[in-house]
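2 protein chains.
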Amino acid sequence: MNLKAFYALSYGVYIVSTWDNGRPTGCTANCAVQITATPATMIVSINKENYTNRCIADCGHFAISVLSEKSDPALIGTFGFRSGKEYDKFSSTAYDICDTLPVLKDCCAYIVCRVIDTMDTPTHTVFLGEVIGADTRNDHPPMTYAYYHTVIKGKTAKNAPTYIAEDGADSAASRAVCSVCGYVYAENFDSLPADWVCPVCGAQKSAFRIEKP
Amino acid sequence: MNLKAFYALSYGVYIVSTWDNGRPTGCTANCAVQITATPATMIVSINKENYTNRCIADCGHFAISVLSEKSDPALIGTFGFRSGKEYDKFSSTAYDICDTLPVLKDCCAYIVCRVIDTMDTPTHTVFLGEVIGADTRNDHPPMTYAYYHTVIKGKTAKNAPTYIAEDGADSAASRAVCSVCGYVYAENFDSLPADWVCPVCGAQKSAFRIEKP
Chain A
838 MNLKAFYALS YGVYIVSTWD NGRPTGCTAN CAVQITATPA TMIVSINKEN
888 YTNRCIADCG HFAISVLSEK SDPALIGTFG FRSGKEYDKF SSTAYDICDT
938 LPVLKDCCAY IVCRVIDTMD TPTHTVFLGE VIGADTRNDH PPMTYAYYHT
988 VIKGKTAKNA PTYIAEDGAD SAASRAVCSV CGYVYAENFD SLPADWVCPV
1038 CGAQKSAFRI EKP
Chain B
838 MNLKAFYALS YGVYIVSTWD NGRPTGCTAN CAVQITATPA TMIVSINKEN
888 YTNRCIADCG HFAISVLSEK SDPALIGTFG FRSGKEYDKF SSTAYDICDT
938 LPVLKDCCAY IVCRVIDTMD TPTHTVFLGE VIGADTRNDH PPMTYAYYHT
988 VIKGKTAKNA PTYIAEDGAD SAASRAVCSV CGYVYAENFD SLPADWVCPV
1038 CGAQKSAFRI EKP
C-alpha cells in the first residue's frame, strides 16, 4: 500500500464547533462533506481523543466554519494543536452565535447541524447532521487542504485522519520546528525578527527548536 | 438557509467502481474521504438510485479512482450522467484490475476498500471501507470539484448530494445545452466544428439544444 495515494484526496479546512456546557469549543477538521440534498445533511469526522467529540455528542449539534484563503492561519493551530479541555480556544477567537451555535467571524461560510446519526470507527466518530442553518460571510476562496500544505506550509495534527508520521527526510539542511504545532520553517530562521510568531499556531519564536540534519 | 454556503465546501472528483457480477461498473462521486489512519479507512457516499450503490453492497468492495486535472473530462459524463444498469460504462474506458477491483488507467491515484460498515440516510448510503490497497499513478494535480466547475465548466449530476436545481438566470444570452449531461456552452456554438463533442460526456454536437433567453 502506497500511503502517498491519500495525498491525492481533496479536502477543505474547517473549524467544527459546539457547546461545552455553555462554553464554546471546537477543533480543526478536514472531513466535512454534504451527504444528501433533501433534506440537506452533512457529515463530520472527529477523533475520539478530541474533546470536541464528546462535546458534540452531549450537545447534539455542531457548526462548521469554512476557512478561506484569507482566514488567519493561526486559527488552524489554535483549534488543531491544543485541547479544548485545558485551553479555552474561543477566548482569543471572534465568533457569533448563528442558529444557536458558535461560528467563527473569520470564515467564508458556515453550516449548522443537528446530529441525527453516528457511525463508530476505531479512532473517529462520524457524525451525520441535518442542516438547520447555513450562510456565506464573504467571497474569499475557500481554503483547501492542499493550499494549507503548499502555500501556508502547515502541518497535520496528530489526531487528524490524514496524519502520516513524517520521516523528516525531506530536507538535509537545519530547520526550525515549532514545539507547539510542529510547523517547520526551513529558511534562514535567525534572520526573522524577534517578534515573529508561528504562522500556524501563533507561538513565539522562542518556542521553536533548531533541528540539525 | 443560504444554499450558497454549500459551495464553500471543497471536494475532489472521483470514479467509484466495483463489480456487477463480473462486469465492472461505477459512478462519479465527490464524497470520498479518509476517516481513520490506523487502520486506514475511507468513506464514500453513493445515491441509492445509482446502480453502483447496489453493486457495492453485493460485491462488498469498492475502488476510488482519483481524477487529475489532466484526466479526460468526458469520464465525468460517462460515469456521472448515465446509468450502469443500461450502459456498460467501462466498454469505452481503459482500466486495470488492482487489488481485485477495476481501476481507471486515467487517474492520478487509487484506493481499494473492503466494506466494513454502512450508514443509511434518506437518499444516500455512506459506505465505510477498510483500505486494502492504494497507489499513485502519476504526479498530475488532483482535480478538485472547484476546478471541474470553474475551469472545465462542468455540471452537477442530479443524483449528487451537491446538486441544487439551477434557475438558469446566470446568462441572458442564448446558449447550447447538452441534452445528455446538461453541460452548457455559452459562447458562439455555431462556430464550433461539426465533429466537436461535449467536453464532459462526449455527446455529439447534434445532442445540444439551443436555449433562447
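If you're matching them up, the sequences are chains A and B in order. Quick note: the first sequence, position 55, residue 892 per our numbering, numbers continuous. Quick note: the second sequence, position 59, residue 896 per our numbering, numbers continuous. Built from N, CA and C at the ideal position, the CB exists for glycine as well.
Taking a beta-carbon distance threshold of 8 Å, residue 900(A) does not count as an interface residue toward chain B. In the same chain as residue 1044(A), and ignoring 5 residues on each side of it, the C-beta atoms closer than 8 Å to its own belong to 1015, 1016, 1017, 1035, in chain order. Counting the other Cβ atoms within 10 Å of the Cβ of residue 926(B) gives 16 or more, which makes it buried. Close partners of residue 847(A) in chain B (Cβ separation under 7 Å): 847, 848, 849, 979, 981. For the segment 930-962 of chain A, the set of residues with a beta-carbon nearer than 7 Å to any beta-carbon of chain B comprises 945, 946, 947, 948, 954, 956, 958, 959, 960, 961, in chain order. Here residue 892(B) carries a helix assignment [DSSP, helix/strand/coil]. Non-local C-beta neighbours of residue 963(A) in its own chain, meaning closer than 6 Å and more than five positions away in sequence, comprise 880, 882, 956, ordered along the chain. Counting C-beta pairs with one atom in each stretch, the segment 931-941 of chain B and the segment 887-906 of chain B have three or more that are closer than 8 Å, which means they touch. A Cβ-Cβ contact shorter than 8 Å links residue 998(B) with residue 871(A). From the listed residues 866(A), 912(A), 921(A), the smallest Cα separation to residue 856(A) is found for 921(A).
Per DSSP, the continuous alpha helix (DSSP H) segment holding residue 986(A) begins and ends at 982-987. Under the three-state reduction of DSSP output, residue 918(B) falls in the coil class, being neither helix nor strand.
Distance from the CA atom of residue 950(A) to the CA atom of residue 874(A), rounded to whole angstroms, is 14 Å. In the DSSP secondary-structure assignment, residue 1034(B) is bridged to 1041(B). Chain-ordered listing is empty here: chain A has no CB closer than 7 Å to the CB of residue 852(B), the nearest sitting near 13 Å. A direct Cα-Cα distance of roughly 24 Å separates residue 908(A) from residue 988(B). Only residues of its own chain outside the window of five on either side were considered, and among them 863, 864, 865, 866, 901, 902, 904, 912, 916, 941, 944 have a CB closer than 8 Å to the CB of residue 852(B), listed in chain order.
With fewer than 16 other Cβ atoms from the protein chains shown falling within 10 Å of its own Cβ, residue 1023(B) counts as exposed.
Annotated three-state conformation of residue 851(B) is strand, per DSSP.
For residue 907(A), the nearest beta carbon of chain B is not closer than 8 Å to its own beta carbon.
Within the same chain, 882, 883, 884, 885, 998 come within 7 Å of residue 961(B) by CB-CB distance, once the 5 residues on both sides are set aside. Setting aside the 5 residues that flank it on each side, residue 892(A) is surrounded in the same chain by 855, 857, 862, each with a C-beta closer than 6 Å to its C-beta; the list follows chain order.
Between residue 988(A) and chain B, the shortest Cβ-Cβ separation is not below 8 Å.
Annotation: the continuous beta strand (DSSP E) that includes residue 866(B) extends over 860-866. A residue is called buried when at least 16 other Cβ atoms come within 10 angstroms of its Cβ; residue 934(A) does not meet this threshold and is exposed. Chain order gives no chain A residues near residue 1036(B), where near means a beta carbon separation below 9 Å; the closest approach is about 21 Å. The alpha carbon of residue 984(A) has as its nearest neighbour, out of 845(A), 838(A), 840(A), 841(A), the alpha carbon of 845(A).
Residue 839(B) places its beta carbon less than 8 Å from that of residue 971(A). Assigned with DSSP and collapsed to three states, residue 941(A) falls in strand.
With respect to residue 946(A), residue 842(B) sits close: the two C-beta atoms are nearer than 8 Å. Restricting attention to 890(B), 948(B), 906(B), the CA atom closest to the CA of residue 977(B) is found in 906(B). Contact residues of the segment 861-881 of chain A toward chain B are 867, 868, 869, 870, 871, 872, 873, 874, 875, 876, 877, 878, 879, 880 (C-beta to C-beta distance below 9 Å). Across the set 849(A), 847(A), 966(A), 1013(A), the C-alpha of 1013(A) shows the shortest separation from the C-alpha of residue 1046(A). Contact of residue 965(B) with chain A is assigned, a C-beta pair being separated by under 8 Å.
With respect to the 8 Å criterion, residue 966(A) and residue 847(B) are not classified as neighbours on the basis of their beta carbons.
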